[in-house]
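Reading through the structure tokens given below for one structure.
There are 2 protein chains.
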Amino acid sequence: MSDISVTPAPPYYAVIFTSHMSKADNGYSQMSELMLNLAAKQAGYLGVESAREGIGITVSYWSDLQSIKNWKANSEHQIAQHQGREKWYQQFKVRICKVEMDYSFTKDGNLFDT
Amino acid sequence: MSDISVTPAPPYYAVIFTSHMSKADNGYSQMSELMLNLAAKQAGYLGVESAREGIGITVSYWSDLQSIKNWKANSEHQIAQHQGREKWYQQFKVRICKVEMDYSFTKDGNLFDT
């Protein structure tokens with residue numbers, strides 16, 4: 796289960812990956828975990844947040860655009876992307892975004908803007 | 796249950812709202828539905844995608860920054876935001892992003908970049 800990512804002050808980048816699965820599993824869970832672990836080792840990786848409830852939403856955070864391009868081109872990730880299109884996803888959309896502002900709230904009273 | 800939002804060609808804006816709830820419901824579901832319906836009526840609104848699985852992720856899409864500011868300042872939404880901090884959320888983070896690129900995949904073979 797993912798947590799709210801601790802990210803530096805903006806600007807940084809977000810990749811919003813929204814999907815509908817076609818097959819329930821068929822190796823997806825294993826590959827997903829492998830890719831989350833591999834992503835976390837990449838230069839420029841800042842964090843990931845993920846939830847599935849009918850629709851799946853995974854947001855990964857990166858320091859810069861080049862890091863996102865490098866991760867997309869990573870050879871193991873390429874294999875996963877290919878299998879994703881072949882086996883697991885009915886539909887997906889990828890949005891590459893520059894995070895310009897952010898702010899946070901925690902119940903203990905720390906309302907802070909970055 | 797939300798679907799993958801149909802958005803225009805970039806640039807446009809995304810608000811990534813990531814949260815942990817403290818109370819399961821206590822009026823949250825009703826307010827959430829009310830706010831989703833109200834957001835959809837605002838100028839500049841493009842769509843919303845939402846899933847909760849431990850962490851809650853709601854991404855709303857907007858044509859421009861001013862529309863996001865207007866929605867944040869909307870008086871009914873202000874009441875909901877106040878109740879959110881008082882009653883429902885343990886923690887949340889809001890990220891305001893400019894969507895610079897996007898691309899989509901559908902299983903029927905339409906791989907298209909915008």
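Just so you know, the protein sequences line up as chains A and B, in that order. Each step along the first sequence adds one to the number in this note's numbering, with nothing skipped, and position 94 is 889. Each step along the second sequence adds one to the number in this note's numbering, with nothing skipped, and position 59 is 854. The C-beta atom is built at its ideal place from N, Cα and C for all residues, glycine as well.
Reference residue i, options the options, closest by Cα
i: VAL854(A); options: LYS893(A), LYS902(A), SER899(A) and THR901(A); result: LYS893(A)
i: ASP903(A); options: GLN886(B), GLU895(B) and ASP897(B); result: GLN886(B)
i: VAL810(B); options: ILE874(B), SER899(B) and VAL843(B); result: VAL843(B)
i: LYS888(A); options: PRO803(B), GLN876(B), GLU828(B) and ASP897(B); result: ASP897(B)
i: HIS872(A); options: ASP798(A), GLU848(A), ALA835(A) and PRO805(A); result: ALA835(A)
i: PRO803(A); options: GLN861(A), TYR856(A) and SER827(A); result: TYR856(A)
i: GLY822(A); options: ILE891(A), TYR884(A) and ARG890(A); result: TYR884(A)
i: SER862(B); options: ILE852(B), LEU841(B) and ASP798(B); result: LEU841(B)
i: PHE812(B); options: LYS818(B), ILE852(B), TRP866(B) and LYS882(B); result: ILE852(B)
i: ASN832(B); options: PRO806(B), TRP866(B) and SER814(B); result: TRP866(B)
i: SER797(A); options: GLU848(B), SER870(B), ARG890(B) and THR901(B); result: GLU848(B)
i: SER899(B); options: PRO805(A), GLY879(A) and VAL801(A); result: GLY879(A)
i: LYS818(B); options: ARG890(B), ASN869(B), THR901(B) and GLU881(B); result: GLU881(B)
Where residue i falls: helix, strand or coil (DSSP)
i: ILE850(A); result: strand
i: SER899(A); result: strand
i: ALA809(A); result: strand
i: GLY879(B); result: helix
i: LYS864(A); result: helix
i: SER858(B); result: coil
i: VAL894(B); result: strand
Residue i - containing beta strand (DSSP E), residue span
i: ILE799(A); result: Looking at the DSSP string, ILE799(A) is not in any beta strand (DSSP E), and its letter there is neither H nor E.
Beta-ladder partner(s) of residue i, from DSSP
i: GLN886(B); result: THR901(A) and HIS815(B)
i: SER870(A); result: Partner(s): none; SER870(A) has no beta bridge.
i: SER845(A); result: THR853(A)
Distance cut-off 6 Å: residue i Cβ against heavy atoms of the ligand MG
i: TYR840(A); result: You won't find the ligand MG in this model; it holds no ligand whatsoever.
Where the alpha helix (DSSP H) containing residue i begins and where it ends
i: GLN837(A); result: It is not in any alpha helix (DSSP H) - GLN837(A) carries neither H nor E in the DSSP assignment.
Below 8 Å, can you find three or more Cβ-Cβ pairs linking the region 811 to 827 of chain A to the region 873 to 885 of chain A?
yes
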